[in-house]
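Note that this note's numbering has the sequence shown beginning at 9, numbered continuously upward.
The structure appears right after this line, and notes come after that.
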Amino acid sequence: MELTISRIDVFQVDLPYSGGTYHLSGGRQYTSFDATVVRITANNGIEGWGESTPFGYNYIASHALGVRAGIAEIAPHLTGLDPRRVDRMNDVMDDALTGHEHPKTALDVACWDVFGKSVSMPVCELLGGRTDVEMPIISSIGVGEPEEMRATVAKLRAQGYKAQQLKIGGEPVRDAARITAALADKQPDEFFLVDANGGLTVEAALRMLRLLPDGLDFVLEAPCATWRECMSLRRRTNIPMIFDELATSDASVIQMIADDAVEGVGLKISKSGGLTKARHQRDMCIAAAYTVSVQETAGSDIAFAATLQALELSLV
Numbered sequence: 009m010e011l012t013i014s015r016i017d018v019f020q021v022d023l024p025y026s027g028g029t030y031h032l033s034g035g036r037q038y039t040s041f042d043a044t045v046v047r048i049t050a051n052n053g054i055e056g057w058g059e060s061t062p063f064g065y066n067y068i069a070s071h072a073l074g075v076r077a078g079i080a081e082i083a084p085h086l087t088g089l090d091p092r093r094v095d096r097m098n099d100v101m102d103d104a105l106t107g108h109e110h111p112k113t114a115l116d117v118a119c120w121d122v123f124g125k126s127v128s129m130p131v132c133e134l135l136g137g138r139t140d141v142e143m144p145i146i147s148s149i150g151v152g153e154p155e156e157m158r159a160t161v162a163k164l165r166a167q168g169y170k171a172q173q174l175k176i177g178g179e180p181v182r183d184a185a186r187i188t189a190a191l192a193d194k195q196p197d198e199f200f201l202v203d204a205n206g207g208l209t210v211e212a213a214l215r216m217l218r219l220l221p222d223g224l225d226f227v228l229e230a231p232c233a234t235w236r237e238c239m240s241l242r243r244r245t246n247i248p249m250i251f252d253e254l255a256t257s258d259a260s261v262i263q264m265i266a267d268d269a270v271e272g273v274g275l276k277i278s279k280s281g282g283l284t285k286a287r288h289q290r291d292m293c294i295a296a297a298y299t300v301s302v303q304e305t306a307g308s309d310i311a312f313a314a315t316l317q318a319l320e321l322s323l324v
């Protein structure tokens with residue numbers, strides 16, 4: 009049956025942060041997020057939904073107005089095409105607009121949604137099939153006072169979380185206190201990520217790590233803003249590391265593997281350009297025996313429904 013895109017609609021939605029204010033390194037604060045939702049309507053009436061919600065304007069090189077401007081550039085090139093041919097759809101998007109993965113994400117996810125509905129199958133099955141492996145859900149704890157962060161860890165532990173992500177602020181002494189407090193009650197089966205979101209200099213990172221007690225078990229995520237800084241830090245420490253903000257493309261993942269830069273990757277769908285490209289990056293990471301966390305920058309249930317489809321595949 010012929011299936012083509014007949015209409016693409018775009019909606020803007022404000023998403024308030026349920027926790028009040030979310031704090032990242034460098035004094036970055038967020039109280040709400042500007043979401044862009046896309047609806048693709050096929051010629052047979054099937055509707056597919058996608059979303060792209062950048063994490064503010066200073067997480068990576070993306071912002072909400074740019075998402076909608078990018079979609080306006082790309083969308084005319086997609087009308088009349090078959091949304092089920094997802095790799096070809098991505099070729100068209102890349103030809104229409106170089107880079108700018110966030111606007112492509114919403115369109116790509118909506119194409120996958122149409123594809124799944126057209127064959128009455130979950131998208132995770134079309135992506136390769138669910139693994140039926142139980143996976144831990146990772147928390148995300150914003151920068152706070154040490155004992156506040158410890159209390160938040162305890163609260164989330166009581167809710168069943170086995171993996172905790174702790175944000176730190178770029179201040180060596182205070183960050184060391186935050187990490188020490190948050191890990192004070194760590195259980196043997198728990199996993200901790202300490203995430204700087206690229207907010208540390210090499211000097212600050214080294215000072216922080218040297219202030220920590222011996223034997224703390226955690227993985228350091230996105231310590232510095234640049235590749236050179238992260239590699240410099242890696243040569244001077246034995247702490248396992250993963251990249252997030254620096255892992256944005258197939259090429260960056262290949263470079264990570266070639267440089268032996270990390271032990272894992274924080275994969276976010278909108279950072280990658282959608283499910284199609286995220287699948288490529290996931291496969292490379294698994295082949296390299298990396299640990300992969302599948303997340304999204306921010307978003308509504310639409311964004312996290314797409315994340316769930318990718319999560320079904322990630323532990324193989």
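Glycine residues also receive a C-beta, built at the ideal position from the N, C-alpha and C atoms.
Going by DSSP, name the residue or residues bridged to Met-249. Looking at the DSSP assignment, Met-249 forms a beta bridge with Leu-228.
If you reduce the DSSP assignment to three classes, tell me which class Gly-152 lands in. Coil at Gly-152, not helix or strand.
Let's see if you can read the secondary structure: which residues bound the beta strand (DSSP E) around Asp-42? Residues 40 to 50.
Are the CB atoms of Leu-208 and Arg-244 within a distance shorter than 9 Å? No, they are not a contact pair.
Answer yes if the stretch 102 to 121 comes into contact with the stretch 77 to 93, meaning at least three C-beta pairs across the two stretches below 8 Å, and no otherwise. Segment contact: the stretch 77 to 93 against the stretch 102 to 121, three or more CB-CB distances shorter than 8 Å; contact assigned.
Cβ-based neighbour list, Leu-323, same chain, cut-off 8 Å, excluding 5 preceding and 5 following: Residue confidence for Leu-323 is low, a pLDDT of 43 falling below 50, so the modelled location carries little weight; the figure read from the coordinates is stated next. If we look at Leu-323 and ignore the five residues flanking it on each side, its Cβ neighbours are Thr-139, Val-141 and Met-143.
What are the boundary residues of the alpha helix (DSSP H) that Leu-219 is part of? Counted as a single uninterrupted DSSP element, the alpha helix (DSSP H) harbouring Leu-219 occupies residues 210 to 219.
According to DSSP, is Gly-282 helix, strand or coil? Assigned with DSSP and collapsed to three states, Gly-282 falls in coil, not helix or strand.
Using only CA atoms, which one of Asp-203, Phe-312 and Glu-153 lies nearest to Ala-230? Minimum Cα distance to Ala-230 is reached at Asp-203.
Would Glu-179 pass as an interface residue toward chain D - the criterion being a Cβ-Cβ separation below 9 Å? Considering every chain present, this structure includes no chain D. It has just one protein chain.
Can you pull the DSSP bridge partners for Tyr-30? DSSP lists Tyr-38 as the beta-bridge partner residues of Tyr-30.
Can you look up Phe-312 in the DSSP assignment and give me helix, strand or coil? Phe-312 falls in the helix class under three-state DSSP.
Candidates Arg-96, Ile-13 and His-71: closest to His-108 by CA position: Checking every option, the nearest Cα to that of His-108 belongs to His-71.
Check whether the Cβ atoms of Ile-13 and Ala-50 lie closer than 9 Å to each other. Against a cut-off of 9 Å, the Cβ pair of Ala-50 and Ile-13 comes out as a contact.
Given Phe-312 as reference, the closest of Gly-177, Lys-276, Met-249 and Arg-96 once Cα atoms are compared: When the alpha-carbon of Phe-312 is set against those of Gly-177, Lys-276, Met-249 and Arg-96, the nearest one is in Lys-276.
Per DSSP, what are the beta-bridge partners of Arg-96 in this structure? In the DSSP assignment, Arg-96 is bridged to no other residue.
Going along the chain, which residues of its own chain have a beta-carbon closer than 6 Å to the beta-carbon of Leu-174, five neighbours each way excluded? Excluding the 5 residues flanking it on each side, Leu-174 has same chain C-beta neighbours closer than 6 Å at Ile-149, Ala-190 and Val-202, in chain order.
What three-state label does DSSP hand Lys-170 in the structure shown? In the structure shown, Lys-170 sits in coil (DSSP, three-state: anything other than H, G, I, E or B).
For Phe-124, count the other beta carbons within 10 Å of its own beta carbon; 16 or more makes it buried, fewer makes it exposed. Which is it? According to the sequence displayed, residue 124 carries Gly and not Phe. Gly-124 comes out buried.
Span of the beta strand (DSSP E) around Asp-22: That run of the beta strand (DSSP E) goes 13 to 24.
Starting from the C-beta of Glu-10, find all residues in its chain whose C-beta is less than 6 Å away, skip the five residues before and the five after it, and write them out in chain order. Cβ within range, chain order: n/a, list empty.
Determine the extent of the beta strand (DSSP E) in which Thr-299 is found, giving its start and end residues. Per DSSP, Thr-299 belongs to the beta strand (DSSP E) from 299 to 303.
Helix, strand or coil: how does DSSP classify Val-324 here? Reliability fails at Val-324, whose pLDDT of 37 lies under 50, so the model's placement of it is uncertain and no value is given.
Outcome for Asn-52 when other beta-carbon atoms lying within 10 angstroms are tallied against a minimum of 16: Exposed, since its Cβ has fewer than 16 Cβ neighbours within 10 Å.
What does the alpha-carbon distance come out to for the pair Met-157 and Ala-192? Rounded to whole angstroms, Met-157 and Ala-192 show a C-alpha spacing of 11 Å.
According to DSSP, which residues form a beta bridge with Lys-276? In the DSSP assignment, Lys-276 forms a beta bridge with Gln-303.
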